[in-house]
Amino acid sequence: MAHDCSFLEDLDLADDQLSFADGRRESHAADWGTEQNEGGGVLPDAVVWPENTADVSAVLAAANDRGVPVTPYAAGTGLEGNAVPAHGGISLDCTRMDDVVDYRPDDFQIDVGPGIIGSDVDEYVAGDGLFFPPLPSSGDISTIGGMIATDASGMQTVRYGEIADWVLGLEAVLADGTVVQTGSRAIKTSSGYNLTDLVVGSEGTLAVVTEATLELAGRPEQIRGGRAIFETLDDAAEAVFDAVRTDVGVARIELVDGLSATMANDYLGSDLPDAPMVFLEFHANHGVEEEIELCRAIFEDHDVVRFEMSDDDEGMDELWEARRELAFAVASYDPDLESLHPGDVTVPISSYPETVHEAKRLADEYDLLVPCFGHAGDGNLHYSVLVDPDDPDQVERGEELYRRLVELAIEMGGTATGEHGIGQGKQAYLEPEHGAGAVEAMRTIKRALDPNDTLNPGKVFPETADGDRVRGPD
20 MAHDCSFLED LDLADDQLSF ADGRRESHAA DWGTEQNEGG GVLPDAVVWP
70 ENTADVSAVL AAANDRGVPV TPYAAGTGLE GNAVPAHGGI SLDCTRMDDV
120 VDYRPDDFQI DVGPGIIGSD VDEYVAGDGL FFPPLPSSGD ISTIGGMIAT
170 DASGMQTVRY GEIADWVLGL EAVLADGTVV QTGSRAIKTS SGYNLTDLVV
220 GSEGTLAVVT EATLELAGRP EQIRGGRAIF ETLDDAAEAV FDAVRTDVGV
270 ARIELVDGLS ATMANDYLGS DLPDAPMVFL EFHANHGVEE EIELCRAIFE
320 DHDVVRFEMS DDDEGMDELW EARRELAFAV ASYDPDLESL HPGDVTVPIS
370 SYPETVHEAK RLADEYDLLV PCFGHAGDGN LHYSVLVDPD DPDQVERGEE
420 LYRRLVELAI EMGGTATGEH GIGQGKQAYL EPEHGAGAVE AMRTIKRALD
470 PNDTLNPGKV FPETADGDRV RGPD
């Protein structure tokens, strides 16, 4: 439904901070994931670009009073429709809030606005030998606010953890415009409820982050990268499990199947072998060669064909570019095929080989292309089910394949989404994963903090998929 957003003109916003123009609204109707599937976008009624916390507070207070939905928007790189304004209303684009507010290198901390690009944080602190370890693969195009919203993670999670592990505190605005501070600059606290972790991963449904205090780490003295090539994907997955179980000092350990390698070659003009591979990166302050040799020995127990380490930064950059670009490579592979959903199941590491095997078995059973790759060291498998959208039989088979793999991950004690969030795409799996009681507890929190369902309605909760908003009892 359309919402009257003319009240925005009465707020203290500059002319370039507000737009009702069709072009601006269309650019905020979808994120990257929904753009890949036609018809997934929804036009907001207005777009606002706040430049500070006061702007965010004023917009939310006014919208909440009038029952107008507000959907936070960042770089639009999400994959589950998290930033789609499902019920119209206001798209709140926070990309202009991209300042470094404060930097305390002696404390290994930095305060930033939500609109800053992740890799810009790394560049800002690099001169002091620091970095922000949990950046996702899309860290050079996605914002810190977006990463916090989905509790993103990336290729270095196996060693450094996810975004939540590196957020010390937040400034955030609740649905009614109330500004709250969470967390502490201290490295630990047991004071009060952990509101920081409540907001992290809430996909903009509980609050809008306006500033984040991030913890940093020292850059390791020794960094070496390379790849291992295997005869079979099963061998590669088992080798990953064995390496992680043995606690080899890897910072990145990524699985790439032969089909994904072919797609990367077509997209980038690279010359990756058409075979299952594991990409590796070792971080250490001393003894990195010993870790490499331990990993080599483990992989040899799993019939590794080649174990190759790069001797220079250029070789490592080429290696990781192929991995970073895989999502785009898959999307561009065949113009007649479309990815149904972006799969990112995560399972306990002991179940990872079985999950990978089942993904390829299902691909054969349903006679569909299913490229598989992912952050293998933390049990995260990315996969795409490619179908011809004009072939109803293929679409039906693809949906069933996708569902069976997600259900398998949950049965194994894993999750439907390791890093993309529930958004609009995985709502059906929320209750099977967490149980009815836990989901109702989530609804209770949502209703308490946002009784009018102002913030990002249509996300996370299954009933909102059909257009209902998560309102409190009458």
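Taking this note's numbering, the leading residue of the sequence shown gets 20, the next gets one more, and so forth.
Ideal placement from N, C-alpha and C gives every residue a C-beta, glycine not left out.
Locate the alpha helix (DSSP H) running through Tyr-143, then write down its first and last residues.
137-144
Return the first residue and the last residue of the alpha helix (DSSP H) that Thr-169 is part of.
163-169
May I have a chain-ordered list of the alpha helix (DSSP H) segments no shorter than 4 residues that lie completely inside the segment 209-250?
214-218
Use the C-beta contact count for Ala-21: other C-beta atoms within 10 angstroms, 16 or more gives buried, fewer gives exposed.
Exposed: under 16 other Cβ atoms inside 10 Å.
Could you say which of Leu-359, Val-219 and Thr-463 lies nearest to Glu-415 if we only look at CA atoms?
Leu-359
What is the rounded straight-line gap between the Cα of Thr-265 and the Cα of Phe-150?
27 Å
Using C-beta distances below 6 Å, list every residue in its chain close to Gly-440, excluding the 5 sequence neighbours before and after it, in chain order.
Glu-99, Asn-101, Thr-169 and Glu-222
In whole angstroms, what is the alpha-carbon distance linking Val-479 and Ala-231?
Rounded to whole angstroms, Val-479 to Ala-231 spans 23 Å at the Cα level.
When you compare the segment 118-125 with the segment 152-171, are there three or more beta-carbon pairs, one atom per stretch, that lie closer than 8 Å?
no
Do you know offhand how far Ile-317's Cα is from Val-406's?
37 Å
Taking 8 Å as the threshold (C-beta atoms), are Val-389 and Tyr-527 in contact?
Residue 527 falls outside the range modelled here, since the chain spans only 20 to 493, and no answer is possible.
Touch test, the segment 204-214 against the segment 371-383, Cβ-Cβ under 8 Å, three pairs minimum:
no
Please classify Gly-42 as buried or exposed, where buried requires at least 16 other C-beta atoms within 10 Å of its C-beta.
Flag for Gly-42 reads exposed.
With burial defined as no fewer than 16 other Cβ atoms inside 10 Å of the residue's Cβ, what is the status of Ala-460: buried or exposed?
That one is exposed.
The alpha helix (DSSP H) spanning His-453 covers which residue range?
Annotation for His-453: the continuous alpha helix (DSSP H) segment containing it runs 449-453.
Whole-angstrom distance between Asp-141 and Val-67, CA atom to CA atom:
28 Å
Straight-line gap, Glu-499 to Glu-327 (C-alpha atoms, nearest Å):
Residue 499 falls outside the range modelled here, since the chain spans only 20 to 493, and no answer is possible.
Contact between the segment 110-117 and the segment 69-78 is defined here as three or more beta-carbon pairs at a separation below 8 Å; is this criterion met?
Yes, they touch.
Proximity to Asp-353 [Cα-Cα], best of Gly-52, Asp-159, Met-431 and Asp-285:
Taking only the C-alpha atoms, the option nearest Asp-353 is Asp-285.
Neighbourhood of Tyr-421 by C-beta, 7 Å cutoff - its chain only, sequence neighbours within 5 removed:
Leu-359, His-360, Gly-362 and Val-404, listed in sequence order.
Taking Ile-136 as the reference, give the member of Phe-127, Ile-129, Gly-146 and Gly-164 with the closest Cα.
Ranking the options by Cα distance to Ile-136, first place goes to Gly-164.
Whole-number beta carbon distance between Ile-242 and His-302, since they are thought to touch under 8 Å:
6 Å
Can you name the start and end residues of the alpha helix (DSSP H) that Leu-495 belongs to?
Residue 495 lies beyond the residue range present for the chain, which begins at 20 and ends at 493; the question has no answer from this structure.
Grouping DSSP H, G and I as helix and E and B as strand, with all else coil, what is Asp-493?
Only weak support is given to the placement of Asp-493: the predicted model assigns it a pLDDT of 43, under 50, and the value that follows is read from those uncertain coordinates. DSSP places Asp-493 outside both helix and strand once states are collapsed to three, so it counts as coil.
Are there 16 or more other CB atoms within 10 angstroms of the CB of Glu-28, so buried, or fewer, so exposed?
Answer is exposed; the Cβ neighbour count stays below 16.
With DSSP collapsed to three states, give me the class of Phe-26.
helix
What are the partner residues of Glu-357, as DSSP defines its beta bridges?
Val-406
What is the rounded straight-line gap between the Cα of Arg-466 and the Cα of Met-282?
45 Å
Boundaries (first-last residue) of the beta strand (DSSP E) holding Ala-33:
Element bounds for Ala-33: n/a, residue is neither H nor E.
On a CA-only basis, which of Gln-200, Thr-201, Gly-95 and Ala-105 is nearest Thr-162? Give me that one, please.
Nearest neighbour of Thr-162 by Cα position, chosen from Gln-200, Thr-201, Gly-95 and Ala-105, turns out to be Gly-95.
When burial is assigned at 16 or more other CB atoms within 10 Å of the CB, is Thr-90 buried or exposed?
buried
For Leu-233, tell me which candidate among Ala-183, Val-269 and Gln-200 has the shortest Cα-Cα distance.
Measuring C-alpha to C-alpha distances from Leu-233 to each of Ala-183, Val-269 and Gln-200 identifies Ala-183 as the nearest.
Have a look at Asp-195, Val-186 and Val-192 and flag the residue whose alpha-carbon is nearest the alpha-carbon of Gly-13.
Absent from the model: residue 13. The displayed extent of the chain is 20 to 493, so no value can be given.
Check whether the Cβ atoms of Leu-274 and Ala-256 lie closer than 8 Å to each other.
yes
His-401 - partner residues in DSSP beta bridges
Asp-363 and Phe-392
Taking 8 Å as the cut-off, decide whether the C-beta atoms of Pro-476 and Val-458 are in contact.
no
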